[in-house]
Amino acid sequence: MCGIAGFVACEATQDLPVILRGMTVRIAHRGPDDEGFYETNTRDGRHGVGLGHRRLAIIDLNTGHQPIGNEDGSIQIVFNGEIYNFEALRNDLIARGHRFATASDTETIVHAYEEFGEACVEKFRGMFAFAIWDADRERLFLARDRFGKKPLFIAQQNGTLVFASEIKSILAFPGITVDVDHGAVWDYLAYRYVPGPATLFSGIRKLPPGSFAVWEKGELHEQPYYSPPDQKPWGGLMPPSDPVGRFLELLDEAVRIRMISDVPFGAFLSGGIDSSAVVGLMARHSSLPVKTFSVGFAEAQYSELGYAAAIARQFETEHHELTISQQHLMDELPALVHFRDAPVAEPSDIPIYLLAKEASRSVKMVLTGEGSDEFLGGYPKHVYERYAAGYRILPGMLRHGLIEPLIHALPYRFRRAKTAIVNLGLEDRKDRLPRWFGALSGKERDELVAFRPVTERQGGVQFDTRAGNSALRNILYFDQTSWLPDNLLERGDRMTMAASIEARMPFMDHELAAYVSSLPDNFRVRGRQTKWILREAMKRLLPAAILKRPKVGFRVPVNEWFRGPMRDYLYDHLTGNDSLTVRYYRRDVLERVLNEHIKGRQNHEKLLWTLLNLELWHRQYLVEK
C-alpha cells in the first residue's frame with residue numbers, strides 16, 4: 007500500500023522535480039518507508055512528465071523501491087495496492103521471455119503491460135491504482151481496480167494532466183485552481199457522500215472503478231474494462247451440487263491469499279459475522295495467534311467489545327481493545343477531514359481511524375470484513391426493496407393518510423421502519439436507491455437548502471436502473487458501484503492510510519463476487535434472512551449467537567453527544583459568526599432542526615452530522631485557499 011502522484015505538464019520546466027516532491031510530501035502518511043521519483047520530457051520538449059511514489063513496504067522489503075522499470079527503462083510505473091496472483095503471473099511472464107530484477111508484485115505489472123498492453127488489468131487479482139509512463143509511445147496509462155478499493159484522482163487544466171492517490175496532492179501542483187462544486191454539495195446533502203466521478207472540488211474527478219485512462223498526444227481517453235456481475239441478469243444456471251461448500255472454498259482462498267505479507271499483520275474484529283468469519287479463516291492458515299483489534303465506547307449500548315472478545319477467545323487471538331469517548335471525536339474530526347479531503351460522511355470514520363492507529367503499533371496490514379453486505383445482501387434494505395412495487399400498489403389515501411403518519415409518529419428506535427416506508431413510496435428507482443442511507447429526502451432538501459445548483463446531475467447518481475433482472479441484483483449493483491466505492495471504500499482507505507497501515511478485504515475478491523452472482527437470489531437473501539450463504543457456510547466455525555445477530559453496523563453515540571458535550575460545538579459551527587456554510591440554508595429551518603434534536607423531539611443526528619462535516623470541510627479548504 008502506497009501513495010502515488012504525477013503529471014504530464016504542458017511545459018517542461020526545471021521546477022517540475024521540486025513540484026513532484028511537493029506533491030508526494032502531502033501524502034507521506036500513505037508511505038512512510040520510502041520515496042522515489044521519475045522525471046523526463048517528451049521528445050519534442052513540449053511536455054514534462056513526473057511520477058512520484060511514497061512506499062509502505064509490505065512485499066519484497068529490500069528491492070521493492072519505486073518507480074520500477076522494465077529491462078531497458080523505457081516503461082516506468084508507480085503503483086498503489088497489492089496483486090495477490092503476482093507469483094503465477096510472474097512465472098507465466100518469465101516463460102514468455104521477460105526478465106525480472108525484483109521479487110515485487112509491482113514489477114509484474116510492468117511486464118504484464120509489456121506483454122498484454124491495456125488488457126493487462128484483466129489479469130490482476132487484487133486492489134490497485136497505478137500509472138505507467140511508456141516512453142517509446144509517449145503515453146501515460148492510468149488504471150484502477152475493479153471495485154475501486156484504491157483511489158485515483160485526476161485534474162486537467164490548461165493542457166496539464168495531474169493525478170494522485172489523494173486530492174491534497176493534486177492541490178500542491180501550481181496552477182491547479184479549484185472551487186466548490188455546488189452540484190456536488192447538492193448531492194452530498196441528500197446522500198451524505200458525493201457520487202463519483204465528481205468530487206466537492208470543481209475540476210477534480212475520480213477515475214471510475216474498473217476503468218483505465220490513456221493520455222497520448224495531449225488527449226486523455228477513459229475506458230471501462232469491468233462491471234460487477236450483478237449488472238447482468240441471473241443466467242438461470244442451476245447451482246453446483248454443494249453451493250455453500252464451494253462458497254466457503256472461495257472465501258477461504260480469498261482470505262489465504264490476502265495473508266501473503268513480509269510484515270506482521272492482523273484483523274479488525276467487530277464481533278459481527280463478517281469480521282468473525284475472516285478471523286476464523288485466518289486462524290486456519292496461521293501458525294501464530296492472529297492479532298485482532300476491536301474498538302468500543304464508554305456507552306455500553308453502543309459497544310460490541312463483548313462479542314469481539316468472545317470470538318477472540320474462541321480462536322485464541324492476540325486481542326487488543328480500544329475504548330473511545332466524544333472527546334476523541336472532537337479532537338480528531340478536523341484532522342480526519344484533512345485526510346479524507348472531504349466531509350467525514352460517517353461517524354464511524356473516527357473509531358476506524360483510532361483503531362488503525364492502535365493497530366499500527368504492532369502490524370502494518372489488517373484484513374477486514376468490508377464489502378460483505380454489498381456483495382452478499384447484508385442490509386435491511388435488501389429485504390425491503392423487494393416489496394417496493396407491492397407497496398406502491400396500495401391506494402394513496404391508505405399510504406399517505408394512515409400508514410405514513412403512523413410510522414412517522416414512532417420513536418427513533420423504529421428509524422429503519424420509517425426509512426423503509428418513505429423510500430418504498432418513491433417510484434423513481436434512480437431517486438430511491440441512494441436515499442436508503444441518505445440524510446435528506448428531496449422534499450426536505452428543498453425546504454432546508456437555500457440555493458440550487460446551476461446544473462443538477464439527474465438523480466445525483468449515474469446509475470443503471472435496468473441493472474440485473476431482480477430487485478435484489480439491482481440494488482446490489484447500485485451498492486457495488488456507488489455507495490461502496492464512493493463512501494465506504496474511501497473511508498476505509500483514508501482512515502487506515504492516515505495511520506500508515508494497509509487494509510485488505512477478502513469479501514471483495516472478484517472471483518468470489520462472480521460466484522455468488524451466478525447463484526439464484528435466495529442464496530443471498532432468503533425471506534428476511536440476509537447473507538444466507540455466509541451464515542450457512544459459517545455454521546461449523548462460528549457460534550450461533552454470532553450467526554443470528556442482526557445487522558448492527560459501527561454505531562457511534564452521536565445522538566447523545568450532540569445533545570450533551572458536543573452541543574456548543576455543533577451550534578458554533580452551524581450557526582456561529584464564523585460559519586462558512588450557514589449561507590447555504592434557510593436559517594429558520596436550520597434552527598428548527600437543531601432545536602428539535604437538542605430538545606429530544608426528533609433525532610436528526612444523521613442530518614446534523616452531515617451539515618457539521620460540510621462546514622469542517624469548508625473551513626479546511628476554503629480558509630486555506
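All residue numbers for the sequence shown refer to the working numbering, where the first residue is 7 and numbers rise by one. Ideal placement from N, C-alpha and C gives every residue a C-beta, glycine not left out.
N-terminal and C-terminal residue of the alpha helix (DSSP H) that residue i is part of
i: Phe134; result: Where Phe134 is concerned, there is no enclosing alpha helix (DSSP H), although the beta strand (DSSP E) it sits in stretches over 132-140.
i: His59; result: Run containing His59: none in the alpha helix (DSSP H); it sits in the beta strand (DSSP E), 54-61.
i: Ser217; result: Unbroken run through Ser217 is the beta strand (DSSP E), 217-222; no alpha helix (DSSP H).
i: Gly312; result: 311-320
i: Glu453; result: 448-454
i: Glu566; result: 564-569
i: Ile100; result: 92-101
i: Lys174; result: 173-177
i: Thr329; result: No alpha helix (DSSP H) holds Thr329; the beta strand (DSSP E) holding it covers 324-330.
Whole-angstrom C-beta distance between residue j and residue i, which should lie under 8 Å
i: Pro201; j: Asp492; result: 6 Å
i: Leu57; j: Lys370; result: About 24 Å; that fails the 8 Å criterion.
i: Thr205; j: Ala190; result: 6 Å
i: Tyr359; j: Glu327; result: Wrong, their Cβ atoms sit about 16 Å apart, outside the cutoff.
i: Phe568; j: His603; result: 6 Å
i: Thr374; j: Ser281; result: 7 Å
i: Ala423; j: Ile413; result: 6 Å
i: Ala543; j: Leu257; result: 7 Å
i: Gln626; j: Val343; result: 5 Å
Beta-carbon spacing of residue i, residue j below 9 Å
i: Leu22; j: Gly51; result: no
i: Ala445; j: Tyr44; result: no
i: Thr108; j: Ile83; result: no
i: Leu614; j: Leu600; result: yes
i: His579; j: Leu518; result: no
i: Lys212; j: Ile160; result: yes
i: Val522; j: Phe253; result: yes
i: Leu430; j: Ile481; result: no
i: Gly87; j: Ala135; result: yes
i: Ile178; j: Ile25; result: Going by the sequence as given, residue 178 is Ala instead of Ile. Contact flag set, yes.
i: Gly79; j: Ser110; result: no
i: Lys557; j: Pro353; result: no
i: Val562; j: Pro340; result: no
i: Ile279; j: Leu525; result: no
i: Gly377; j: Phe271; result: no
i: Tyr575; j: Met403; result: no
Span of the beta strand (DSSP E) around residue i
i: Trp442; result: Run containing Trp442: none; DSSP gives neither H nor E here.
i: Ala47; result: Note that residue 47 corresponds to Asn in the displayed sequence, not to Ala. 40-47 is the extent of the beta strand (DSSP E) around Asn47.
i: Pro357; result: Here Pro357 belongs to no beta strand (DSSP E); instead the alpha helix (DSSP H) covers 355-365.
i: Thr616; result: Segment 611-627 is the alpha helix (DSSP H) holding Thr616; no beta strand (DSSP E) there.
i: Leu146; result: 145-150
i: Ser4; result: Limits of the chain in this structure are 7 at one end and 631 at the other, which puts residue 4 out of reach.
i: Ile263; result: Here Ile263 belongs to no beta strand (DSSP E); instead the alpha helix (DSSP H) covers 249-263.
i: Leu373; result: 371-373
i: Phe169; result: 166-170
i: Leu596; result: Looking at the DSSP string, Leu596 is not in any beta strand (DSSP E); the run it does join, the alpha helix (DSSP H), is 593-604.
Separation of residue j from residue i, as counted between CA atoms
i: Cys8; j: Val372; result: 15 Å
i: Gly533; j: Val116; result: 48 Å
i: Gly465; j: Val428; result: Any reading at Gly465 must be qualified, since the residue scores a pLDDT of 42, below 50, and its modelled position is unreliable; the value itself is stated next. Computed Cα separation, rounded: 17 Å.
i: Val301; j: Arg290; result: 24 Å
i: Thr30; j: Lys223; result: 26 Å
i: Gly181; j: Thr298; result: 45 Å
i: Ile173; j: Gly383; result: 32 Å
i: Ala285; j: Ser276; result: The displayed chain sequence assigns Val, not Ala, to residue 285. Cα-Cα distance, rounded: 10 Å.
i: Gln486; j: Val455; result: 29 Å
i: Ala125; j: Phe218; result: 10 Å
i: Glu259; j: Met288; result: 10 Å
i: Glu225; j: Ala149; result: 16 Å
i: Glu121; j: Thr329; result: 51 Å
i: His188; j: Met265; result: 43 Å
i: Ala15; j: Phe85; result: 20 Å
i: Ala2; j: Gly209; result: Because the chain here runs from 7 to 631, residue 2 falls outside it and cannot be looked at.
i: Arg573; j: Leu618; result: 12 Å
i: Pro215; j: Arg36; result: 20 Å
i: Val588; j: Glu508; result: 37 Å
i: Glu611; j: Met244; result: 45 Å
i: Val3; j: Ser293; result: Any answer about residue 3 is impossible in this case: the structure gives the chain only from 7 up to 631.
i: Arg392; j: Phe381; result: 17 Å
i: Lys545; j: Glu255; result: 14 Å
9 Å Cβ cutoff, residue i in contact with chain C
i: Val191; result: No chain C is part of this structure, which consists of one protein chain only.
Check your understanding: Given 8 Å as the limit, is there contact between the segment 80-95 and the segment 113-130, that is, 3 or more CB pairs closer than that?
Key -> yes
Practice item. Please determine if the segment 239-248 and the segment 473-489 are in contact, where contact requires at least 3 C-beta pairs separated by less than 8 Å. Key: yes
Review point. So, do the segment 312-321 and the segment 542-552 have three or more beta carbon pairs nearer to each other than 8 Å?
Key: yes
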